[in-house]
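What follows is a single structure, written as structure tokens, with notes after it.
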Amino acid sequence: MSEIVAKAPQGHIEVRNFSLSYDSIEGPVQAVTETQIHVKPGEFVSIVGPSGCGKSTLLNAVAGFLKPTTGIVTVDGEKVNGPSAERGMVFQQYSLFPWKTVRENVEFGLKMRGMARSQRERAARTLLGLAGLEAFEKHYPEKLSGGMKQRVGIVRALATGPKVLLLDEPFGALDAQTRVIMQQILTNMWQRLKISVLFVTHDIDEAIFLSDRVYCMTARPGSIKAEIPIPLERPRQQSMMMSSEFLALRRGLMSLIREESIKAMGGEISDLGMQGLNIELHGASLADVI
Amino acid sequence: MPASTPPASPPSFGTLALRWYRLNRGGLRATAIGIISLLAFLLAWHLLTTYRVVFFVRFTNVPSPLAVYASFTKAIHDPKFLLHVLLSCRRIFFGFSLAAIVAVPLGLIMGRFKLVHEIIFPVAEVLRPIPAIAWVPMAIMLWPTNEQSIVYITFLGSFFPILVNTLHGMSLVDPVLVRAAQCLGAQERSIFRDVYFPASLPHIFTGLTVGMGVAWVSLIAAEMISGQYGIGYFTWEAYSLVQYADIALGMIAIGVLGLGSSMLIRGAGQLVMPWRSR
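Protein sequences appear in the order of chains A and B. Heads up: the first sequence begins at 144 in my numbering, then just goes up one per residue. Heads up: the second sequence begins at 45 in my numbering, then just goes up one per residue.
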């Protein structure tokens, strides 16, 4: 019985009345205001928004790297006070330790926890095997492709058995084909591990394809503009991205983001730049004009 | 039987040699040109000294390569010459090692703790531009023996390049790696040991290489001024005793020792940083 209680769903992220501002010479600058989000245990939630909207700021606050100016971030009711191995993080820049081999990178979190060498070696090998990387355990990260590096990054973040996984545009630097495969791998791992995921991206397709729910943020100062449930069935297939249901979701999100992106670019672009988009070419091709 | 698979025979020696040549053509070319260039230098030296050319520069008293070679064969059997070399190497070893042992940890700590940086950096910046040679009179006053003051000069010469490069390395540590380590449960000590230190190593080794070069510069100058032994003293003594071939021999010995010690550091760097070797 107590087994079941102990195994009760974990990884409930809650962000309440959150705002974050930093000081500048012109006074405080508001990066994120009035934000409430939550991730239920085992849920996959994405945050999308125009660049600079503060979605990474929000994620970094959940990770514990930034302190909220007002409001509170909790995981399973416990206040987040700083980074910890309970909240695994995957970064866009891979952030593998170049001086450690693939296996040493994966072992790092277990070593920090004080696990014995032989034990953590075995654990790391098993995890690398799941990600199809056992052949590369002795390689240094520099020798790996971007997709492989990020697979190691995900495995490393999961090795310590965190309650939640935070990903900050993890596939942003990958080419389109690799990105699709990585999305599939991440979905598989997530379904197997039943871990809560908070995923930041600016790629709308990616957000819809991966998530149970998507938060759309406004331009700076960022706040939640909309919360969109993604009712697509699981397991998700690549072919779903052509379905009318998917496309409808995509259209909806697209127009939300577009509004905010134009706002984010400031006034001048809507006056001059938007006119520019309608340049009359009078039948000449763009190359002729330029 | 598929016709497309001919029986695999090991490639002949000729084929292998040709392939090896194609793959290593660039390196072979560089080596060949390097050898030719060195030979041309020797030839020019030989001609200029044999014909005692005077053209702005006077080669009248400059020893020829053959004369230098003759004094070299004599010197390697001379225990006194070997003692000169040995003592210089010992001074480099002590001066340089002390500098590395002090400057690397100091740089790491200054890079990590702002207050330490704020306290020590101004003093370092004031002392740094003073060439080690300018310390010679002061060093003689500070240290009871000549040997100690020479080692001190060598130490000073290599200290600042090592410190400055270590600091530079610390300032370039990718903050994302620090955050990644924190997310994996690393505390201050292991962040220092597993992130800051290895991340700074390439720059530390740049500092060690530069520091080794400056150590030799400072050592030779100190030996010429205040020594009784050492390869710098040997070179200066040769001038005073009008043994011109020994001047060149001393110079070449200094060059070879400097080259050897910087190769040692490069080798150590490759051992310590296996992830950086291609």
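The C-beta atom is built at its ideal place from N, Cα and C for all residues, glycine as well. Predicted, not measured: the structure shown is a model, and the values here were computed from it.
In or out: residue i buried (at least 16 other Cβ within 10 Å) or exposed?
i: Val-158/A; result: buried
i: Met-332/A; result: buried
i: Thr-279/B; result: buried
i: Arg-63/B; result: exposed
i: Gly-78/B; result: exposed
i: Asp-122/B; result: exposed
i: Asp-441/A; result: Residue 441/A falls outside the range modelled here, since chain A spans only 144 to 433, and no answer is possible.
i: Pro-205/B; result: buried
i: Phe-234/A; result: buried
i: Val-432/A; result: Because Val-432/A carries a pLDDT of 49, less than 50, the predicted location of this residue cannot be relied on, and the following value inherits that uncertainty. That one is exposed.
i: Leu-207/B; result: buried
i: Val-170/B; result: exposed
i: Gly-272/A; result: exposed
i: Met-154/B; result: buried
i: Ser-167/A; result: exposed
i: Asn-224/A; result: exposed
i: Ser-115/B; result: buried
i: Thr-59/B; result: exposed
i: Met-232/A; result: buried
i: Leu-245/B; result: buried
Using alpha carbons as the reference points, say which of the options lies closest to residue i.
i: Asp-318/A; options: Lys-243/A, Gln-293/A, Leu-341/A; result: Gln-293/A
i: Ile-264/B; options: Ser-234/B, Leu-315/B, Val-129/B; result: Val-129/B
i: Leu-438/A; options: Glu-186/A, Phe-187/A, Gly-220/A, Glu-177/A; result: Because chain A spans 144 through 433 in this model, residue 438/A falls outside it and cannot be assessed.
i: Tyr-358/A; options: Arg-256/A, Ala-174/A, Ile-168/A, Leu-392/A; result: Leu-392/A
i: Lys-142/A; options: Arg-260/A, Ala-300/A, Glu-247/A, Gln-262/A; result: Residue 142/A lies beyond the range of chain A shown here (144 to 433); nothing can be said about it.
i: Ile-328/A; options: Asp-311/A, Val-295/A, His-345/A; result: Val-295/A
i: Gly-365/A; options: Phe-234/A, Met-383/A, Lys-198/A, Leu-209/A; result: Lys-198/A
i: Thr-250/B; options: Phe-103/B, Tyr-95/B, Pro-54/B, Val-148/B; result: Val-148/B
i: Arg-394/A; options: Met-258/A, Ala-350/A, Ile-156/A; result: Ala-350/A
i: Gly-302/B; options: Ile-153/B, Phe-116/B, Leu-87/B, Ser-132/B; result: Ser-132/B
i: His-161/B; options: Ser-215/B, Phe-236/B, Val-300/B, Trp-89/B; result: Ser-215/B
i: Phe-187/A; options: Leu-309/A, Ser-398/A, Met-360/A; result: Leu-309/A
i: Ser-234/B; options: Lys-210/A, Ile-168/A, Lys-254/A, Ser-288/A; result: Lys-254/A
i: Ser-162/A; options: Asp-219/A, Glu-229/A, Ile-367/A; result: Ile-367/A
i: Thr-361/A; options: Pro-241/A, Ile-168/A, Asp-166/A, Cys-196/A; result: Cys-196/A
i: Arg-265/A; options: Thr-213/A, Ala-302/A, Lys-183/A; result: Ala-302/A
i: Val-343/A; options: Ser-354/A, Arg-335/A, Lys-337/A, Leu-336/A; result: Ser-354/A
i: Gly-313/B; options: Met-408/A, Pro-171/A, Val-298/A, Trp-242/A; result: Trp-242/A
i: Gln-381/A; options: Glu-285/A, Ser-238/A, Thr-330/A; result: Thr-330/A
i: Ser-434/A; options: Ser-321/B, Pro-318/B, Val-239/B; result: Because chain A spans 144 through 433 in this model, residue 434/A falls outside it and cannot be assessed.
i: Arg-263/A; options: Gln-153/A, Phe-240/A, Gly-231/A, Arg-299/A; result: Arg-299/A
i: Pro-242/B; options: Arg-172/B, Val-316/B, Leu-228/B; result: Val-316/B
i: Arg-230/A; options: Ser-339/A, Glu-402/A, Gly-214/A, Gly-257/A; result: Ser-339/A
i: Gly-151/B; options: His-212/B, Thr-189/B, Val-220/B, Ala-225/B; result: His-212/B
i: Arg-377/A; options: Arg-335/A, Ile-371/A, Met-232/A, Val-216/A; result: Arg-335/A
Which same chain residues end up closer than 6 Å to residue i when comparing Cβ atoms and leaving out the 5 residues on each side of it in sequence?
i: Ser-202/B; result: Phe-140, Ala-143, Gly-255, Val-258, Ala-259
i: Ser-404/A; result: Pro-193
i: Phe-314/A; result: Arg-322, Met-325
i: Tyr-288/B; result: Asn-105, Pro-107
i: Val-245/A; result: Phe-279, Glu-280, His-282, Val-295
i: Gly-133/A; result: In the structure as shown, chain A begins at 144 and stops at 433. Residue 133/A is therefore absent and cannot be evaluated.
i: Ala-267/A; result: Arg-246, Val-249, Glu-250
i: Pro-171/A; result: Ser-164
Beta-carbon within less than 8 Å of residue i's beta-carbon, same chain only, minus the 5 sequence neighbours each way: which residues are those?
i: Ser-193/B; result: Val-180, Ala-183, Ile-184, Leu-186, Trp-187, Ala-266, Ser-270
i: Met-144/A; result: Below a pLDDT of 50, predicted positions are generally treated as unreliable, and Met-144/A, at 35, falls in that range; the measurement from the model is reported next regardless. Nothing meets the Cβ criterion.
i: Thr-94/B; result: Ser-108
i: Ile-309/B; result: Phe-249, Leu-252, Thr-253, Met-256
i: Ala-176/B; result: Ile-197, Thr-198, Leu-200, Gly-201, Val-258, Val-261, Ser-262, Ala-265, Ala-266
i: Val-148/A; result: The pLDDT assigned to Val-148/A is 39, lower than 50, so where the model puts this residue is not dependable, and the model offers no usable value.
i: Val-195/B; result: Arg-135, Phe-138, Gly-139, Leu-142
i: Glu-277/A; result: Arg-268, Leu-271
Looking only at its chain, what residues have a beta carbon closer than 7 Å to the beta carbon of residue i, apart from the 5 residues adjacent to it on each side?
i: Ala-119/B; result: Phe-125, Leu-293
i: Met-383/A; result: Leu-375, Phe-389
i: Pro-226/A; result: Ala-206, Gly-207, Phe-208
i: Phe-103/B; result: Leu-92, Thr-93, Arg-96, Val-97
i: Ser-321/B; result: Gln-314
Query raised in the report: Taking Cβ-Cβ distances below 9 Å as the criterion, which residues of the region 205–233 of chain B are in contact with chain A?
Result: Asp-218, Val-220, Leu-221, Arg-223, Ala-224, Ala-225, Gln-226, Cys-227, Leu-228, Gly-229, Ala-230, Gln-231
Query raised in the report: If you scan the region 302–384 of chain A from start to end, which runs of the alpha helix (DSSP H) of 4 or more residues do you find wholly inside it?
Result: 319–336, 347–353
Query raised in the report: Name the residues in the region 79–101 of chain B whose C-beta lies less than 9 Å from a C-beta of chain A; which are they?
Result: none
Query raised in the report: Which runs of the beta strand (DSSP E), 3 residues or longer, sit entirely within the region 225–255 of chain B?
Result: none
Requested in this report: Taking a Cβ distance cut-off of 7 Å, strictly less, list which residues of the region 243–257 of chain A are near chain B, in chain order.
Outcome: Phe-251, Gly-252, Met-255, Arg-256
Query - Within 9 Å of chain B by C-beta, residues of the region 208–232 of chain A in sequence order - result: Phe-208, Gly-225, Pro-226, Ser-227, Ala-228, Glu-229, Arg-230, Gly-231, Met-232
Query raised in the report: At a Cβ cut of 7 Å, what residues of the region 185–199 of chain B count as close to chain A, listed as they run along the chain?
Result: none
Query - Under 8 Å (Cβ pairs) to chain A, residues found in the region 239–251 of chain B - result: Val-239, Pro-242, Ala-243, Leu-245
**Report entry** Proximal residues, the region 287–320 of chain B versus chain A, C-beta separation under 9 Å
**Finding:** Met-317, Pro-318, Trp-319, Arg-320
Query - Runs of beta strand (DSSP E) lying entirely within the region 150–211 of chain A, each at least 3 residues, in chain order - result: 156–167, 170–182, 187–191
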